[in-house]
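Taken in sequence, the protein lines are chains A and B.
Mapped onto the numbering used here, the consecutive letters of the first sequence carry residue numbers 18 to 262.
Mapped onto the numbering used here, the consecutive letters of the second sequence carry residue numbers 18 to 262.
Virtual Cβ for every residue (Gly too), placed ideally from N, Cα, C.
2 protein chains.
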Amino acid sequence: MKIDPTKPADLSAQIAEAIRDGIVAGDLIVDERLPSEAELAEQFDVSRPTVREALKRLAAQSLIRTQRGAAGGAFVNRLSFEDAHEQQITTATLLLSMNAVSFETACEARFALERACAPLSALRRSADHLATMRAEIHRQSQPGLTDEAFCASDVAFHRALVDGAGNPVLSYQLAGAVEAMQPLMNMITFTARSRDRIIGLHARIADGLEARDAGLVEAALTELEAYTALLGRDRAAQSSGRVAR
Amino acid sequence: MKIDPTKPADLSAQIAEAIRDGIVAGDLIVDERLPSEAELAEQFDVSRPTVREALKRLAAQSLIRTQRGAAGGAFVNRLSFEDAHEQQITTATLLLSMNAVSFETACEARFALERACAPLSALRRSADHLATMRAEIHRQSQPGLTDEAFCASDVAFHRALVDGAGNPVLSYQLAGAVEAMQPLMNMITFTARSRDRIIGLHARIADGLEARDAGLVEAALTELEAYTALLGRDRAAQSSGRVAR
DNA sequence: GATTTTCATTTGTCAGACATTTAAATGTCT
DNA sequence: AGACATTTAAATGTCTGACAAATGAAAATC
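If you want it as structure tokens, here you go:
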């Protein structure tokens with residue numbers, strides 16, 4: 018592990034990269050302890066603050082964790098699905114909010130991904146998944162539910178659908194996409210009629226999964242996509258109509 | 018923006034979180050300059066190194082960029098698809114390598130996602146995408162190609178398929194998944210016969226896209242999934258047969 | 001032997017300083 | 001006045017040294 022002090026990049030960035038490469042290449046295995054900050058500083062021939070900046074970069078990506086005290090230090094972190102999920106959501110959320118991705122584009126991606134889960138979920142969903150979905154449908158039909166709570170329940174419903182596929186990689190990828198869209202969905206105001214429509218489609222999805230009929234689920238998802246896109250367009254039209262610019 | 022010095026979390030982590038929240042909430046907009054490190058140190062009532070550690074955390078997530086010099090400083094970064102893509106790949110790669118995700122699971126997720134792209138890609142693929150895919154197929158049939166080069170071309174082929182869908186969100190999500198699998202794919206040795214089989218399926222995918230027939234593409238992808246899973250099982254069987262453990 | 005105390009190690013934080021980069025301000029010449 | 005060179009100030013990047021706080025292990029004590 019060597020770094021080039023003449024490179025234009027920051028030393029801390031170079032050091033972080035060197036350590037990251039070591040982790041990816043398997044030179045550093047999970048739960049292995051890195052040398053102490055003082056030792057790393059000596060190895061890379063830099064000061065301790067520089068090493069610390071590098072370690073913080075890695076910590077921000079959940080690649081390492083640090084522990085204070087005698088037997089403390091920096092340890093290679095076992096990246097959990099939860100950690101990755103968190104990162105994915107913040108990244109995807111920012112991406113959607115800053116790149117002005119159109120609602121339609123995000124919507125299309127989301128439902129395309131969900132439809133990809135449908136056959137697997139129809140095959141493997143447990144009774145638990147189904148129960149969760151039914152419970153969320155019931156919550157969604159409660160009167161007096163705020164739009165935000167409705168959205169949150171919507172996310173939980175779709176998350177159960179995705180988890181039903183029994184593939185953690187899919188769950189991680191997809192749940193991230195679904196949750197990242199929530200801020201955009203929250204901007205929609207759901208009328209009683211639109212809620213009824215959505216709940217009805219949710220029920221059809223749950224029915225399809227119960228019958229293990231992927232076709233039904235996909236059809237309902239396609240309808241739901243079209244309806245969601247419509248709601249998005251309505252909101253856009255309203256807000257552009259209300260405010261002058 | 019306030020932090021609590023009595024909290025168990027590191028000050029730099031708290032500061033990073035405070036700034037991140039500001040970005041997500043829109044208090045800090047893209048390309049806006051943050052206060053200088055010295056000013057931030059005063060605002061949060063901490064030292065400059067602590068502020069710097071916080072900024073490095075944010076830089077590691079591509080949330081900010083820093084510039085040296087007179088008009089320099091830390092600026093809120095417009096998160097690009099490329100940046101997000103990079104992050105996604107490293108995260109997903111580590112996730113696959115450290116969590117011992119089975120080849121089958123990763124494979125299933127990958128092809129489920131690709132099938133989700135098929136209808137959109139059939140509808141929207143440009144002549145360019147098709148040309149890229151044909152070119153990669155041609156490269157794959159060159160004799161003397163190393164396994165690694167074959168894999169790289171395979172990734173390029175599938176990336177063109179995904180990009181053909183014309184949905185940047187899908188491209189970002191999916192290309193990440195495909196590329197993250199490359200290390201696992203690289204562990205497979207491709208015989209001449211298996212290459213022929215794969216190339217044939219690639220050709221069928223390209224044909225399907227050319228004819229804008231999503232069904233053909235999906236069918237070929239399903240076959241390719243089955244075949245890839247088979248190759249993965251073979252490799253597992255061989256390696257477990259060769260080495261004792 | 002069990003409990004308490006001490007201690008060494010390590011990360012977390014601070015203060016101050018200097019180096020380097022960079023753009024803007026200033027000065028100078030044509 | 002305009003073009004070019006120089007200076008300057010502001011900002012990040014880095015270093016040194018120090019102290020605080022946490023923590024596990026060894027030593028001391030009961």
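Taking only beta-carbon atoms, is residue 108 (chain A) less than 8 Å away from chain B? Here the question's residue 108 (chain A) lines up with position 91 in the first sequence. So yes, residue 108 (chain A) belongs to the interface.
So residue 134 (chain B) packs on residue 187 (chain B), CB below 8 Å; how close in whole Å? The residue given as residue 134 (chain B) occupies position 117 in the second sequence. The residue given as residue 187 (chain B) occupies position 170 in the second sequence. Yes, residue 134 (chain B) and residue 187 (chain B) are in contact; Cβ-Cβ is about 6 Å, under 8 Å.
Figure out for me which residue from A:138, A:164, A:171 and A:160 has the closest Cα to the Cα of residue 153 (chain A). Indexing the first sequence from 1 puts residue 153 (chain A) at position 136. With distances taken between Cα atoms, residue 153 (chain A) lies closest to A:171.
Using only the alpha-carbon positions, how far apart do residue 102 (chain A) and residue 193 (chain A) sit? Position 85 of the first sequence, counted from the first residue, corresponds to residue 102 (chain A). Position 176 of the first sequence, counted from the first residue, corresponds to residue 193 (chain A). In a straight line, the C-alpha of residue 102 (chain A) is about 6 Å away from that of residue 193 (chain A).
Straight-line CA distance for residue 32 (chain A) to residue 62 (chain A)? Reading the first sequence from its first residue, position 15 is the one you call residue 32 (chain A). Reading the first sequence from its first residue, position 45 is the one you call residue 62 (chain A). For residue 32 (chain A) and residue 62 (chain A), the distance between alpha carbons rounds to 11 Å.
By Cβ distance, which residues of its chain are closer than 6 Å to residue 57 (chain B), with the 5 residues on each side in sequence left out? Residue mapping note: residue 57 (chain B) aligns to position 40 of the second sequence, counting from 1. The residues are 68.
Collapsed DSSP secondary structure at residue 81 (chain B) in the structure displayed: Numbered from its first residue, the second sequence carries residue 81 (chain B) at position 64. Reduced to three states, the DSSP call for residue 81 (chain B) is strand.
Proximity winner among B:229, B:228, B:222 and B:181, relative to residue 239 (chain B) (alpha-carbon distances): As a first step, residue 239 (chain B) must be located in the second sequence, where it is residue number 222. Answer by Cα proximity: B:222.
May I ask you to check if the CB of residue 175 (chain A) is nearer than 7 Å to at least one heavy atom of the ligand ADP? Of ligands this structure carries none, so the ligand ADP is not represented either.
Short of 7 Å in beta carbon distance, which residues of its chain neighbour residue 237 (chain B), apart from the five on each side in sequence? Order them along the chain. Start at 1 with the first residue of the second sequence, and residue 237 (chain B) comes out as number 220. So the qualifying residues of the chain are 218, 221, 222 and 225.
Contact defined as beta carbons within less than 8 Å: I believe residue 231 (chain B) pairs with residue 136 (chain B). What is the distance between those atoms, to the nearest angstrom? For the purposes of this step, residue 231 (chain B) is taken as residue 214 along the second sequence, with counting starting at 1. For the purposes of this step, residue 136 (chain B) is taken as residue 119 along the second sequence, with counting starting at 1. With a Cβ gap of about 4 Å, residue 231 (chain B) and residue 136 (chain B) count as contacting.
Which chain B residues are close to residue 31 (chain A), counting only those with a beta carbon under 8 Å from its beta carbon? Taking the first residue of the first sequence as position 1, residue 31 (chain A) is located at position 14. Per Cβ cutoff of 8 Å: no residues; residue 31 (chain A) is ~13 Å from chain B at best.
Take residue 40 (chain B) and list the residues in its own chain whose beta-carbon comes closer than 7 Å to its own, dropping the five residues that flank it on each side. Locating residue 40 (chain B) in the second sequence gives position 23, where the first residue counts as 1. Answer for residue 40 (chain B): 80 and 93, listed in chain order.
Integer-rounded CB distance, given that residue 246 (chain B) should sit under 8 Å from residue 121 (chain B): On the second sequence, position 104 is the one that residue 121 (chain B) refers to. On the second sequence, position 229 is the one that residue 246 (chain B) refers to. Going by Cβ atoms, the distance from residue 121 (chain B) to residue 246 (chain B) rounds to 6 Å, so yes, they are a contact pair.
Counting only runs that start and end within the stretch 46-104 of chain A, where is the alpha helix (DSSP H) found for 4 or more residues in a row? 54-61 and 65-77
Would you say the stretch 44-56 of chain B touches the stretch 84-93 of chain B, given that touching needs at least three Cβ pairs under 8 Å? yes
Less than 8 Å separating the beta-carbons of residue 25 (chain B) and residue 66 (chain A)? Locating residue 25 (chain B) in the second sequence gives position 8, where the first residue counts as 1. Locating residue 66 (chain A) in the first sequence gives position 49, where the first residue counts as 1. Cβ distance not < 8 Å, so residue 25 (chain B) and residue 66 (chain A) don't count as in contact.
Coarse secondary structure for residue 182 (chain B), derived from DSSP in three states: Here the question's residue 182 (chain B) lines up with position 165 in the second sequence. DSSP places residue 182 (chain B) in coil when its eight states are reduced to three.
Which same chain residues end up closer than 7 Å to residue 140 (chain A) when comparing Cβ atoms and leaving out the 5 residues on each side of it in sequence? Residue numbering aside, residue 140 (chain A) sits at position 123 when the first sequence is read from its first letter. So the qualifying residues of the chain are 229.
Look up residue 171 (chain A) in the DSSP assignment and say whether it is helix, strand or coil. As a first step, residue 171 (chain A) must be located in the first sequence, where it is residue number 154. Helix at residue 171 (chain A).
With a CB to CB cut of under 8 Å and the five nearest residues on each side skipped, what residues in its chain are close to residue 104 (chain B)? Within the second sequence, residue 104 (chain B) is the residue found at index 87, counting from 1. If we look at residue 104 (chain B) and ignore the five residues flanking it on each side, its Cβ neighbours are 78 and 79.
Alpha-carbon spacing of residue 260 (chain B) relative to residue 203 (chain B), whole angstroms: In the second sequence, residue 260 (chain B) corresponds to position 243, counting from 1. In the second sequence, residue 203 (chain B) corresponds to position 186, counting from 1. With a pLDDT of only 48 at residue 260 (chain B), under 50, the local geometry of the prediction cannot be trusted, and the value read off the model is given with reservation. Looking at the two C-alpha atoms, the distance is approximately 19 Å.
Mind reading off the beta-carbon distance from residue 9 (chain A) to residue 76 (chain A)? Whole number of angstroms is fine, and I expect it under 8 Å. The structure shown has nothing for residue 9 (chain A), since chain A only spans 18 to 262.
Within the 8 Å Cβ cut-off, does residue 66 (chain A) reach chain B? Position 49 of the first sequence, counted from the start, is the residue given in the question as residue 66 (chain A). Yes, its Cβ sits closer than 8 Å to a Cβ of chain B.
Using the C-alpha atoms, what's the distance from residue 71 (chain A) back to residue 30 (chain B)? Locating residue 30 (chain B) in the second sequence gives position 13, where the first residue counts as 1. Locating residue 71 (chain A) in the first sequence gives position 54, where the first residue counts as 1. Approximately 14 Å, taken between the alpha carbons.
Nearest candidate by alpha-carbon position, reference residue 182 (chain B), set B:211, B:35, B:147 and B:118: Numbered from its first residue, the second sequence carries residue 182 (chain B) at position 165. For residue 182 (chain B), the nearest C-alpha among the options comes from B:147.
Using a C-beta to C-beta distance shorter than 8 Å, which residues of chain A count as neighbours of residue 70 (chain B)? Residue mapping note: residue 70 (chain B) aligns to position 53 of the second sequence, counting from 1. By Cβ distance, chain A contributes 69, 70 and 73.
Does the separation of the CB atoms of residue 113 (chain B) and residue 198 (chain B) fall below 8 Å? Your numbering for residue 113 (chain B) matches position 96 in the second sequence. Your numbering for residue 198 (chain B) matches position 181 in the second sequence. Against a cut-off of 8 Å, the Cβ pair of residue 198 (chain B) and residue 113 (chain B) comes out as a contact.
Whose C-alpha, out of B:189, B:167, B:177 and B:180, is nearest the C-alpha of residue 206 (chain B)? Locating residue 206 (chain B) in the second sequence gives position 189, where the first residue counts as 1. Considering only alpha carbons, the answer is B:167.
Work out the CA separation of residue 100 (chain A) and residue 37 (chain A) for me, nearest whole Å. Your numbering for residue 37 (chain A) matches position 20 in the first sequence. Your numbering for residue 100 (chain A) matches position 83 in the first sequence. Approximately 17 Å between the Cα atoms of the pair.
With a cut-off of 8 Å, does the C-beta of residue 134 (chain A) fall near any C-beta of chain B? For the purposes of this step, residue 134 (chain A) is taken as the residue at position 117 of the first sequence. True, the Cβ-Cβ gap to chain B drops below 8 Å.
Which chain A residues sit within Cβ distance under 7 Å of residue 95 (chain B)? The residue given as residue 95 (chain B) occupies position 78 in the second sequence. Residues of chain A passing the Cβ test: 115.
So for residue 205 (chain A), helix, strand or coil by DSSP? Within the first sequence, numbered from 1, the residue matching residue 205 (chain A) stands at position 188. Note: residue 205 (chain A) maps to coil in three-state DSSP.
Express the C-alpha separation of residue 127 (chain B) and residue 74 (chain B) in angstroms, rounding to a whole number. By one-based count along the second sequence, residue 74 (chain B) stands at place 57. By one-based count along the second sequence, residue 127 (chain B) stands at place 110. Near 31 Å, if we compare the C-alpha coordinates of residue 127 (chain B) and residue 74 (chain B).
Could you please give the first and the last residue of the uninterrupted alpha helix (DSSP H) stretch that includes residue 41 (chain B)? Taking the second sequence and counting its residues from 1, the one referred to as residue 41 (chain B) is at position 24. Where residue 41 (chain B) is concerned, the enclosing alpha helix (DSSP H) stretches over 28-42.
Of all the CB atoms in chain B, is at least one closer than 8 Å to the CB of residue 276 (chain A)? Given a span of 18 to 262 for chain A in the structure shown, any question on residue 276 (chain A) remains unanswerable.
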